[in-house]
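Following: one structure in structure tokens, then a few remarks.
Numbering (my numbering), first residue to last: 7 to 75.
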């Protein structure tokens with residue numbers, strides 16, 4: 007499996023800190039979650055997490071925001 011790199015926006019990091027969500031939880035949601043296409047990327051849903059992101063190259067994921075549902 008190729009190496010995956012995750013790049014987080016400041017907004018995503020702030021939301022993660024506020025909600026107590028860790029980087030490994032976000033990585034797992036992107037890897038294993040159900041994906042829905044959005045206007046500028048994808049939304050991964052895994053357990054109670056939602057992660058909005060876009061692919062920024064081969065194996066690179068830019069995390070835009072994170073929230074719980």
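The beta-carbon is built from N, C-alpha and C at its ideal position, and this holds for glycine as well.
Just tell me which of the options has its CA closest to the CA of residue i.
| i | options | result |
| --- | --- | --- |
| residue 30 | 44, 17, 13, 43 | 13 |
| residue 72 | 9, 34, 55 | 55 |
| residue 37 | 28, 63, 51, 18 | 51 |
Would you mind sorting residue i into buried or exposed? The rule is 16 or more other CB atoms within 10 Å of its CB.
| i | result |
| --- | --- |
| residue 66 | exposed |
| residue 45 | exposed |
| residue 23 | exposed |
| residue 42 | exposed |
| residue 40 | exposed |
Would you mind stating whether residue i and residue j have Cβ atoms separated by less than 7 angstroms?
| i | j | result |
| --- | --- | --- |
| residue 61 | residue 15 | no |
Since residue i sits in a beta bridge, which residues does DSSP pair it with?
| i | result |
| --- | --- |
| residue 55 | 52, 74 |
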